[in-house]
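Q: Dropping a structure here in structure tokens format, bear with me for questions.
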Amino acid sequence: MAYVAVKGGKQAIDASQEFLLSKRLKSGVLLDVQQVRAGLRVLIDQVMAEASMYDEQLAALAIKQAEGSPEEAVFLLRAYRSTLQRKYESEVVDTGKMRVERRISAAFKDIPGGQILGASPDYTHRLLDFDLFNEKQAEPSQARSLPDDSMPLKEDQSGHLGFDQLPKVVEYLRDQGLLARFENNDTAPSDVTKKNLEFPSNRSQRLQIMARGQTGAVTSLGYASLRGYGAVHPTVAELRVGDVPVYVAGPPPMDGDAIDEQGSYYIGEFRATEVESLVPVNKIEADGKQSLSFELGYGLSYGQNETKTIAMSLLDQCLEHPNEKFATHDEEFVLLHIDSVESSGFISHLKLPHYVTFQSKLVAVRASRQQESPSNAQKKTGPGAP
Amino acid sequence: MIKSSSSPKSHSSQLQSRQYNFAYFDEGSKKEIRRAILKAIAIPGYQVPFASREMPIARGWGTGGLQITLSLLGKADIVKVIDQGADDSVNAVSIKALINKTSLVQITESTAEASLIQSRHRIPELPLREDQIMILQVPTPEPLRWYEASEFKTKRLHAESDYTGAWLMLFEDIMKYGKVAGGADHPVLVKGRYVMAPSPIPKYDNPKMNQSSALILLGAGREKKIYAVPPYTKVKSLDFDDYPFEPENFDDKNCCKCGRSSVFMDELNDGIGPVRWQCNDTGSCREAQGV
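Protein sequences, first through last, are from chains W and B. In terms of my numbering, the first sequence is residues 204 to 589. In terms of my numbering, the second sequence is residues 9 to 299.
Below, the structure is given as structure tokens:
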């Protein structure tokens with residue numbers, strides 16, 4: 204019998220687990236966690252973002268254990284995350300203080316501080332580089348010194364702006380009155396991992412769910428909204444990638460702790476991608492006249508995840524303007540279906556035995572066939588039991 | 009009585025359990041889940057939203073039930089886990105292994121011996137007692153979901169006791185097929201107030217929820233809802249006066265192992281011999297056989 208054999212299931216599972224292990228080990232080449240961390244940077248970023256857990260070392264371990272499957276690696280990290288106590292909340296992170304490594308604007312040719320291409324495959328031809336087959340351990344001289352440590356952090360002699368004080372591109376539009384300036388909304392965000400999402404949702408909940416959304420799912424829905432199943436036509440005002448510092452308000456300091464004026468602690472930094480998209484909207488003024496102006500679509504995610512973060516900025520705008528015509532403007536449709544652990548979990552549960560539910564359906568189908576008239580015989584049944 | 013006490017643990021699994029808390033969660037998480045459970049008990053049949061955690065087993069594979077089990081688990085508890093009636097089905101084995109690995113509590117296959125029974129899609133044949141808790145895994149907690157896709161709207165329908173949709177689904181079945189053609193997960197009315205999805209238990213199991221001696225908790229991990237049927241609560245399967253509720257009937261079948269009839273059966277077809285029938289509740293079948 205199949206996989207619910209009345210006895211013997213446990214042995215079969217043990218054997219399957221051993222078989223899985225052998226798949227990873229049988230080639231005789233062991234993948235080191237440090238190699239994963241060094242060579243699979245982008246996958247690590249994707250996994251950390253979807254797991255909403257920023258730890259490169261654990262992400263590398265998860266990727267190794269999952270044999271490179273992002274959905275499995277995310278799953279491992281999320282499950283681990285459930286066991287950790289959450290002791291602090293950080294202070295508001297200011298992406299204006301991001302130590303920028305890459306920063307481009309599609310809206311303006313020249314921006315204060317300049318376009319910084321940074322590291323990106325955007326400008327490469329996607330030709331397989333067969334030389335990589337024979338790549339030797341990189342010699343130190345080959346590795347160009349990276350901007351991280353060697354670049355000046357403050358204004359240098361030539362008058363260039365430091366990489367951690369580049370102004371936001373959208374400030375220019377705000378100054379011109381084309382983009383509304385809002386008071387900071389300092390309401391504490393509702394943590395979607397501590398309180399279940401209820402509808403209608405607020406923006407902080409939406410942004411959190413999209414930031415941890417599955418990369419492909421967020422990209423697909425963003426694409427759909429752009430292609431025609433949505434009413435948003437954006438321009439990327441600014442996409443920036445870099446490191447942002449994180450502070451927590453701490454207990455009284457111990458000797459030697461770094462502490463800033465406000466009494467908060469620097470606990471580290473994380474790499475993030477931030478996107479601000481401009482979307483033209485039709486505004487109806489108080490006097491009934493219409494005027495065009497811009498609104499902002501916002502995307503932020505851990506690591507360098509550019510496509511997803513741009514898609515997120517589109518969906519953010521879509522969800523700000525509910526529209527029954529398009530699924531991409533329906534918050535329940537978008538927010539409830541983009542989580543990797545949820546979607547992969549429920550899809551994969553179809554592999555579990557469904558004997559009872561199917562038997563129950565079978566009894567019902569047989570009974571309805573016995574009594575129905577021949578003309579009804581071809582009608583199909585309702586939705587199956589989950 | 010079959011009992012599989014924890015086997016001697018290997019060095020590596022001992023290490024692994026040391027890195028995790030008792031019953032997996034930190035105590036703060038357990039407290040939060042228990043608070044949702046208490047609210048669910050206080051409002052029978054009402055779906056209480058809770059901050060569902062990601063678990064080491066997949067969403068949709070029983071994480072709602074598992075979170076309830078782990079948050080209730082004490083060192084003296086004895087746990088039984090069944091999946092579609094079977095103690096030894098892949099997922100039941102996996103869930104039991106996780107519970108045991110992180111808590112070292114005793115695991116049993118005997119319904120009578122268990123203090124906590126986690127199950128997917130069945131309520132055991134043996135009547136439950138007041139000192140037991142039945143925990144059901146739920147894929148779709150919303151009984152109106154096939155009628156209304158939006159959570160915002162179904163929540164309002166519950167608030168207003170507007171259950172037209174639930175009745176309509178049954179009524180449409182009768183119009184199309186001359187009877188209620190749905191299988192498992194037949195909706196029930198709890199304490200005359202909330203219409204509730206009993207989880208995909210067969211209709212055969214629905215009556216066991218009515219005036220149950222044991223507390224019944226239902227957990228939907230992916231959908232992040234917990235709900236409950238407190239002991240001795242009225243649970244009525246939705247039906248019409250002229251089309252009364254009709255559970256599956258196995259009166260004319262006999263189990264090929266223990267010989268009983270009228271219990272919920274699996275249909276076995278090995279392609280060689282005739283179709284055979286066998287008790288779906290493997291624990292009760294073994295006890296009936298005296299194995």
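Think of the CB as a built atom: it goes at the ideal place given N, C-alpha and C, for glycine as much as any other residue.
Under 9 angstroms between C-beta atoms, does S563(W) make it to chain B?
A: At least one chain B Cβ lies under 9 angstroms of S563(W).
Q: Taking 6 angstroms as the limit between beta carbons, can you name the residues of its chain near T241(B), skipping five residues before and five after?
A: So the qualifying residues of the chain are P52 and K199.
Q: Keeping to the same chain, check which residues put their C-beta closer than 7 angstroms to that of R384(W); ignore five residues upstream and five downstream.
A: Closer than 7 angstroms at the Cβ level, and outside the excluded window around R384(W), lie R377.
Q: I need the DSSP call for W69(B), collapsed to helix, strand or coil.
A: It is coil, neither helix nor strand.
Q: Does the beta-carbon distance from E62(B) to R409(W) come in below 9 angstroms?
A: Against a cut-off of 9 angstroms, the Cβ pair of R409(W) and E62(B) comes out as no contact.
Q: Contact check, A514(W) vs Y426(W) under 8 angstroms by CB: the rounded distance?
A: A514(W) to Y426(W), Cβ: 7 angstroms. Contact.
Q: Starting from the beta carbon of F606(W), find every residue of chain B whose beta carbon is closer than 7 angstroms, and list them in chain order.
A: A query on residue 606(W) cannot be resolved here, the shown segment of chain W reaching from 204 to 589 and no further.
Q: Taking C-alpha atoms, which residue in S504(W), V232(W), E292(W) and S407(W) lies nearest to N388(W)?
A: With distances taken between Cα atoms, N388(W) lies closest to S407(W).
Q: How would you call M183(B), buried or exposed, if buried means at least 16 neighbouring beta carbons within 10 angstroms?
A: When all chains shown are included, M183(B) counts as exposed.
Q: How would you call F160(B), buried or exposed, if buried means at least 16 neighbouring beta carbons within 10 angstroms?
A: Flag for F160(B) reads exposed.
Q: Taking its Cβ as the centre, do 16 or more other Cβ atoms sit within 10 Å of L223(W), making it buried, or is it exposed?
A: It counts as exposed.
Q: Going by the CB atoms, is the gap between I65(B) and I41(B) shorter than 9 angstroms?
A: For I41(B) and I65(B), no; Cβs fall outside 9 angstroms.
Q: So, does the CB of V98(B) fall closer than 9 angstroms to a CB anywhere in chain W?
A: Output row for V98(B): interface = yes.
Q: Looking at the C-beta of P350(W), does it have a partner C-beta in chain B at a distance below 9 angstroms?
A: Unreliable positioning characterises P350(W) in this predicted model, as indicated by a pLDDT of 48, which lies under 50. A coordinate reading is not provided.
Q: Run through chain W and tell me which residues come within less than 9 angstroms of S37(B), C-beta to C-beta.
A: Here the neighbours are S285, T286 and Q288.
Q: Taking Cβ positions only, does V296(W) come closer than 9 angstroms to chain B?
A: It does not; no Cβ of chain B falls within 9 angstroms.
Q: With a threshold of 9 angstroms between beta-carbons, can S516(W) be considered close to chain B, or not?
A: Taking Cβ atoms only, chain B never reaches closer than 9 angstroms to S516(W), which makes this a no.
Q: If you measure from the beta carbon of Q92(B) to each beta carbon in chain W, is any gap under 9 angstroms?
A: Output row for Q92(B): interface = yes.
Q: My understanding is that V447(W) touches K300(W), with C-beta atoms under 8 angstroms, so please give their C-beta distance in whole angstroms.
A: Between K300(W) and V447(W) the Cβ distance is about 7 angstroms, and since that is below 8 angstroms, they are a contact.
Q: Quick check on the DSSP output: the beta strand (DSSP E) that includes E401(W) runs from which residue to which?
A: Element bounds for E401(W): n/a, residue is neither H nor E.
Q: Does the CB of V236(W) have a neighbour CB from chain B at under 9 angstroms?
A: No - not a single Cβ of chain B is within 9 angstroms of the one on V236(W).
Q: Closer than 9 angstroms by beta-carbon distance: list the chain W residues that pair up with R61(B), in chain order.
A: Those are R281, A282, R284, S285, T286 and T396, listed as they occur along chain W.
Q: Give the DSSP-derived three-state secondary structure of L518(W) in the structure shown.
A: Here L518(W) sits in helix by DSSP.
Q: For P141(B), count the other beta carbons within 10 Å of its own beta carbon; 16 or more makes it buried, fewer makes it exposed. Which is it?
A: In the sequence as displayed, the identity of residue 141(B) is Ile instead of Pro. By the neighbour-count rule (16 or more Cβ atoms within 10 Å), I141(B) is buried.
Q: Using a Cβ-Cβ distance under 9 angstroms, would H436(W) count as near chain B?
A: Answer no: the Cβ-Cβ gap between H436(W) and chain B never drops below 9 angstroms.
Q: Taking the alpha carbon of T290(B) as the point to measure from, which residue in S37(B), A105(B), G73(B) and T119(B) has its own alpha carbon closest?
A: Here the closest residue by C-alpha is T119(B).
Q: Using a Cβ-Cβ distance cut-off of 9 angstroms, determine whether T71(B) contacts chain W.
A: Output row for T71(B): interface = yes.
Q: Where does S272(W) sit, in a helix, a strand or coil, going by DSSP?
A: S272(W): coil per DSSP, three-state reduction.
Q: Scan the stretch 62 to 150 of chain B and note each continuous alpha helix (DSSP H) run of 4 residues or more that stays entirely inside, going in chain order.
A: Complete alpha helix (DSSP H) runs here, min 4: 71 to 80 and 98 to 111.
Q: Listing by chain order, which chain W residues have their CB less than 7 angstroms from the CB of Y32(B)?
A: Correct list: T286.
Q: Helix, strand or coil: how does DSSP classify D359(W) here?
A: Legend: pLDDT at D359(W) = 46, less than 50; position of this residue unreliable, value from coordinates given subsequently. Reduced to three states, the DSSP call for D359(W) is coil.
Q: Where do the ends of the beta strand (DSSP E) carrying S494(W) lie?
A: Looking at the DSSP string, the run of the beta strand (DSSP E) that includes S494(W) is Q493 to Y505.
Q: In terms of alpha-carbon separation, which member of E275(B), M204(B) and R128(B) lies closest to V566(W)?
A: That would be E275(B), whose Cα lies nearest to the Cα of V566(W).
Q: I'd like to know if the stretch 471 to 480 of chain W and the stretch 498 to 513 of chain W are in contact, where contact means that at least 3 CB-CB pairs between them fall below 8 angstroms.
A: Flag = yes, the stretch 471 to 480 of chain W and the stretch 498 to 513 of chain W touch.
Q: Output the boundary residues of the beta strand (DSSP E) element that contains Y202(B).
A: Start and end: Y202 to M204.
Q: So does the stretch 254 to 268 of chain B actually touch the stretch 83 to 96 of chain B, counting three or more Cβ pairs closer than 8 angstroms?
A: The stretch 254 to 268 of chain B is not in contact with the stretch 83 to 96 of chain B.
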